[in-house]
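Report on the structure given below.
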Amino acid sequence: MDYFKKLQHLLVLEREADKLSFLQLAAATTVAQRRETGMSWYPVAIRGAEVGRGDYLTIELERTTHQDIPHQFRFGQPAMLFSNHNPQTDNLIGVVSFIGGDRMKLSLRVDELPDWTNNGKLGVDLLFDQNSYEEMEAALREAEGLVESRERSGNLTRILIGQKMPVFDAEKPIEFGVKLNESQQDAVRKILSAQELAIVHGPPGTGKTTTLVEAIRLLAGEHEGKVLVTAPSNAAVDLLSEKLSDCGLSVLRVGNPAKISERLMSLTLDSKIAEHPQAKEIRRLKKQAAEYRNLAHRYKRNFGKAEREQRKALFDEAHRIMKDVGRIEQYIIDDLIATAQVITSTLVGANHYSVRSLRYHTVVIDEAGQALEPACWIPILKGEKLVLAGDHLQLPPTIKSEEAGRKGLADTLLEKLTRNYPQVVSLLREQYRMNARIMQFSSDTFYEGKVFAHSSVAGWNLFEDDEPFLFIDTAGCGFDERAEGTSTCNPDEAQFIIRHLDALAASFPNQGTEVQLPSVGIISPYKMQVHELHEALLQTYGLKHWRPQISVNTVDAFQGQERDIIYISMTRSNSEGSIGFLSDIRRMNVAMTRAKKKLVVVGDSATLATHPFYANFIEYAEKTGGYHSAWEWIY
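See the structure below:
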């Protein structure tokens, strides 16, 4: 099976597994249960309505209760407005066009809201996102066609699938705008001299974003063509958008940001359209169209032929005006794109209607180690040159189909190209986050010992003579794991960790609410253990003043973050030596490299050491004086 045929087959497996999982979760639950899993907002109130792009009616919704529950709604996803009276028939399907806080805008292809929206309670259900899969499938078909065509425009594609070798120009002198270390400068030089492909491999704390932003700044100034900057997540796109804007580039953020800050919103397409000189005319025309629609809505359901024709004429006039609005908006979009140096979006967002047909000199994909390869091809096909940045030795992409993952979907484009073309890869070697003792095991195990700590962080710790790295062994303590549904927990280990943190807090020399306390992250790979840790924390009075500084979550949730102190609850403790998905050691790499000044890992050596990685980890703790038995703290 050739390259793209295989990817298309794997994507079909992934889509079917994802859809089955989604439908089972949605169909087998009540609205209250769907709300708990983040798949529903209920109840919601309609706060406003306006005619949007493409003559869609856009309604603004607000969830009025249960606002503390995290949700899965994202910009561009399909969703369904429903009534609690009869959700099977009283519903409308639309697309999320904005999401921020407890407000959502839903674009619906209707002229007016039906009567049932005025009665009873309303809710919004998340629907399966077929569009993202369709975009990925279309990109794979297009890439396949490019390779078969033998046209020059397919050069980059042929390099990425191993049919041609990447080429570099001679390096030119560069005037850097920010201070970069030697390996960061080497990475920027390689990006600028690459004709088709360059990769920045950024281990934790090595300044990958700083390096990437400087390279993009230089690329945008060197070429007339625009730069497309993408990432799998909105959060990663947001970070780059702000950093690129801060360094003086004209940035256009396409799509809906994850964080709704004034600084970031000012970079979005919607905000820039609203600030454009022609925006006043758009507002005038929209108001006029709304007036015609309101007149049409006054006609009741029972009316004669003349009234029906008048109603139709009013709607037709509103449609005609909205077509004028669309033309003006397109003129504004074209104007904004013409002045933008950098377009930023998620991978799928690169096909947003406003920029779908754009071509770029360079396409940048950040966090490429977490990106499904089919999604990467959406932006790749729009550029002449590709820059990948990330770390394939941290968290991989989430894959729903075990079969697809096993057959190759788990192998990211970043991993493939790093293996196939080591000459295009620049490893960032100097890290600015961790004490050297915290860092060293990760460096030796994952990065061939090539990553080292900058002098500013190599020796830092919480206070003088504090141990920066501890492995606390619970073997023989009777801290047994417990299965909870599909997850695992260890209540005794959770209680021990919170007691240990409580003792640390009590001994900290700068106690009190007036002093800046260190930040703390408590991590477990298991959701049920996270719950146990939360409960233990809430019951510990001595940590009351520290709670604002303490975060408790899974490994995945801590990706990209850092804390002064990190505790890791390994959770697994059993006589069989079974460690489950702890065997994916990349998760451990993420967890232990979040710590800046102190890392405390708590686990059962008898269970963990059945895996060579953890046996080596415990041996490292012993060699560096960080190994302790939990019995030292048990009275």
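Numbering of the sequence shown is given in the numbering used here, commencing with residue 497 and proceeding in unit increments. C-beta atoms are modelled at their ideal positions from N, C-alpha and C, and glycine is treated no differently.
Range of the contiguous beta strand (DSSP E) that encloses residue i
i	result
Leu588	Asn587 to Gly596
Asn1049	Ile1046 to Thr1050
Cys985	Ser983 to Cys985
Gly650	First-last for Gly650: undefined, no H or E at that position.
Glu880	Gly879 to Gly886
Exposure of residue i, with buried meaning 16 or more beta-carbon neighbours within 10 Å
i	result
Ala666	exposed
His581	exposed
Ala885	buried
Met661	exposed
Arg779	exposed
Val1096	buried
Val674	exposed
Leu516	exposed
Gly619	buried
Val606	exposed
Ser897	buried
Leu1034	exposed
Phe500	buried
Arg559	buried
Tyr827	exposed
Glu1010	Bear in mind that the predicted position of Glu1010 carries a pLDDT of just 48, short of 50, making it too unreliable to give a figure here.
Gly1008	Confidence at Gly1008 is low in this model, with a pLDDT of 49, below 50, so its placement is unreliable and the value that follows should be read with caution. The residue is exposed, with fewer than 16 neighbouring Cβ atoms inside 10 Å.
Asp862	buried
Gln837	buried
Alpha helix (DSSP H) segment containing residue i, residue limits
i	result
His505	Tyr499 to Ala523
Met1088	Ile1081 to Met1088
Arg933	Ala932 to Phe942
Ser737	Asn730 to Asp742
Arg599	Note, Arg599: premise wrong, no alpha helix (DSSP H); beta strand (DSSP E) at Arg599 to Leu604.
Val643	Gln626 to Ser645
Lys668	Counting along the chain, Lys668 falls outside any alpha helix (DSSP H), and DSSP gives it neither H nor E.
Leu765	Leu765 to Glu771
Thr1036	Segment: none, Thr1036 is in no alpha helix (DSSP H) and carries neither H nor E.
Gly548	That residue, Gly548, is in no alpha helix (DSSP H); it is neither H nor E in DSSP.
Closest by C-alpha distance to residue i, when choosing among the options
i	options	result
Glu510	Pro893, Tyr827, Leu810 and Arg789	Pro893
Ala990	Val953, Lys808, Ala949 and Ala1032	Ala1032
Thr525	Pro1044, Asp621 and Asp1060	Asp621
Leu553	Gly544, Arg559, Thr560 and Thr561	Gly544
His815	Lys1040, Lys501, Ser1101 and Glu608	Glu608
Thr613	Glu692, Asp682, Pro583 and Ile595	Pro583
Leu913	Arg654, Leu507 and Glu787	Arg654
In DSSP terms, what residue i is bridged to
i	result
His950	According to DSSP, His950 bridges with nothing at all.
Leu1095	Phe965 and Ile1062
Pro574	Val591
Val747	Val838
Gly979	According to the sequence as given, residue 979 is Ala; it is not Gly. In the DSSP output, where bridge partners are listed per residue, Ala979 has Thr984.
Asp621	Ser536 and Met576
Arg559	Val540
Within 9 Å, strictly: CB atoms of residue i and residue j
i	j	result
Lys1092	Glu963	no
Tyr538	Val547	no
Leu889	Tyr943	yes
Leu708	Lys881	no
Val1098	Ile993	yes
Pro699	Asp887	yes
Leu997	Ile1046	yes
Ala683	Val663	no
Met632	Ile968	no
Leu832	His793	no
Gly701	Thr1089	yes
His474	Asn677	There is no way to answer for residue 474, as the model of the chain reaches only from 497 to 1131.
Ser1159	Gly616	This structure leaves residue 1159 out entirely; the chain is present only between 497 and 1131.
Val733	Ser841	yes
Gln1025	Thr1067	yes
Ser741	Val750	no
Asn752	Phe594	yes
Ser1101	Ala971	yes
Residue-level contact to chain C via CB, residue i, 9 Å cutoff
i	result
Val527	No chain C is part of this structure, which consists of one protein chain only.
Residue i beta carbon near the ligand COA (any heavy atom closer than 8 Å)
i	result
Arg823	With respect to small molecules bound, the structure shown includes none, and the ligand COA cannot be examined in it.
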